[in-house]
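Below is one structure, written out as structure tokens, with a few remarks after it.
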Amino acid sequence: MNSTVVTFPAGQVSGRSRIVGTVPVGERHGLVVSETPFHPLDHTWPDQPADRGTIGGLPVADCVTGAWSGDRIHLGADIPARRGAEGWQWLVVHVTDSPLPVGESVELAVDPAYRAALSAGHTACHLAALALNAALAGRWRKEPALDALGHPDFDQTAITSSRITPDASVDVYRLGKSLRKKGFTADGLDTALAEVAAAVDDRLKAWVAADAPVRLDVPGPELTARRTWHCSLPEGEASIPCGGTHVTRTSELGSVTVELTLDEGTTLTMRTTVTR
Ligand SMILES: [Zn+2]
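Residue numbers 400 to 675, in our numbering, belong to the letters of the sequence shown in order.
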């Protein structure tokens, strides 16, 4: 079995392919095709949820990442290797309630409205992260790694989880000892939160108004190819490694706003909302 060829990075929501493998998923059935438009949940960094839709007319109840090492297909959290590791074939596994036979040619149809809402949420998530980096830039005493726009990369340095939902995302950052050692000061951040959020919102508003083009750099057709998100913002070309799906221009987002909360002084949560 070869790694699944994926067409979602190009924005595809439908296709036809042949079933090349099956794997039990509890009481359900996991179907592998050679080429699919379905975006599965990633097992290493599960930010964007699985697409919804149908395969061979059957509802896709879930869509997960599988890994084939020659003996059996491992699924999701049970995969004993990092995303894209050598020696494995990386598979999109479409989970259905009824089986379909290997060799059958099937239509694959992704729910386009749900995909569009996840793409909007994902692009907004990346833009909000860059805008947050800019808004917190003055809080670094030492210079850590910089993001593509030249600001200290708070997002990549402090993030613990990122979850995309339709037209929204939630990013959680840890403001612990190790971040302090890297030079970030959270002193007075609790009382400055509204000001930081307003600065993020202002920047997001300008970026949406700029109608900046968004594209994915796709080095290969397989699921785990190291794709990169690019956005040509007025300040420069932003780029972030990314396995998900996106809108094609920032103006499609309509408006993007964030809400920041600080819990126990150590967990910063950014909730990003798109209103298209
Ligand atoms: Zn991403």
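Glycine included, each C-beta is placed from N, C-alpha and C at the ideal position.
Option nearest residue i by Cα separation, candidates the options
i: residue 459; options: 493, 440, 442; result: 493
i: residue 627; options: 634, 645, 610; result: 645
i: residue 672; options: 634, 581, 547, 596; result: 596
i: residue 455; options: 430, 406, 588, 601; result: 430
i: residue 678; options: 625, 533, 615; result: Any property of residue 678 remains undetermined from this structure, which presents the chain solely from 400 to 675.
i: residue 514; options: 506, 554, 472, 563; result: 563
i: residue 613; options: 655, 508, 639, 575; result: 639
i: residue 589; options: 503, 658, 425, 495; result: 658
i: residue 674; options: 401, 522, 546, 623; result: 522
i: residue 565; options: 500, 501, 520, 540; result: 520
i: residue 585; options: 433, 634, 504, 537; result: 537
i: residue 417; options: 655, 434, 530, 653; result: 434
i: residue 470; options: 578, 420, 464; result: 420
i: residue 406; options: 662, 663, 615; result: 615
i: residue 567; options: 544, 516, 425; result: 516
i: residue 608; options: 583, 620, 653; result: 653
i: residue 439; options: 553, 457, 489; result: 489
i: residue 410; options: 587, 506, 510; result: 510
i: residue 462; options: 448, 473, 472; result: 448
i: residue 491; options: 504, 472, 656; result: 472
i: residue 495; options: 457, 402, 446, 506; result: 457
i: residue 635; options: 500, 512, 526, 655; result: 526
Terminal residues of the beta strand (DSSP E) in which residue i lies
i: residue 636; result: 635–640
i: residue 473; result: 472–474
i: residue 417; result: 413–424
i: residue 428; result: 427–432
i: residue 615; result: 613–616
i: residue 670; result: 666–674
i: residue 578; result: Not the beta strand (DSSP E): residue 578 falls in the alpha helix (DSSP H), residues 576–580.
i: residue 573; result: 567–573
i: residue 465; result: 461–467
i: residue 659; result: 654–662
i: residue 406; result: Unbroken run through residue 406: none, as it is neither H nor E.
Proximal residues to residue i (C-beta, below 6 Å), its chain only, five neighbours per side dropped
i: residue 571; result: 559, 560, 668
i: residue 478; result: 442, 466
i: residue 508; result: 413, 452, 453
i: residue 694; result: Any property of residue 694 remains undetermined from this structure, which presents the chain solely from 400 to 675.
i: residue 630; result: 611, 613, 637
i: residue 518; result: 644, 645, 646
i: residue 670; result: 569, 658
i: residue 487; result: 466, 468, 480
i: residue 544; result: 552
i: residue 620; result: 404
Distance, residue j Cα to residue i Cα
i: residue 542; j: residue 666; result: 21 Å
i: residue 408; j: residue 436; result: 8 Å
i: residue 484; j: residue 592; result: 40 Å
i: residue 502; j: residue 549; result: 51 Å
i: residue 641; j: residue 622; result: 12 Å
i: residue 660; j: residue 624; result: 35 Å
i: residue 423; j: residue 606; result: 45 Å
i: residue 535; j: residue 547; result: 15 Å
i: residue 540; j: residue 632; result: 27 Å
i: residue 401; j: residue 426; result: 25 Å
i: residue 474; j: residue 464; result: 6 Å
i: residue 618; j: residue 655; result: 30 Å
Cutoff 7 Å; reference residue i; Cβ partners in own chain excluding five residues on either side
i: residue 610; result: 648, 649, 650
i: residue 377; result: The chain is shown from 400 up to 675; residue 377 falls before or after that span and cannot be answered.
i: residue 530; result: 599, 602, 603
i: residue 581; result: 541, 543, 556
i: residue 476; result: 442
Contact set for residue i: own chain, Cβ-Cβ below 8 Å, skip 5 residues either direction
i: residue 481; result: 443
i: residue 575; result: 665
i: residue 554; result: 528, 529, 531, 532, 546, 570, 572
i: residue 432; result: 403, 416, 417, 418, 419, 454, 491, 493, 505, 507
i: residue 524; result: 446, 561, 563, 568, 570, 671
Extent of the continuous alpha helix (DSSP H) to which residue i belongs
i: residue 589; result: 588–608
i: residue 554; result: 553–557
i: residue 516; result: 511–534
C-beta neighbour in chain E for residue i, strict 8 Å
i: residue 493; result: The structure shown contains no chain E; it holds only a single protein chain.
Check: residue i C-beta below 7 Å from any heavy atom of ligand 3
i: residue 553; result: Looking for ligand 3 in the displayed structure turns up nothing; the ligands present are ligand 1.
Any heavy atom of ligand 1 within less than 5 Å of residue CB: hits in chain order
Here the list is 641, 643.
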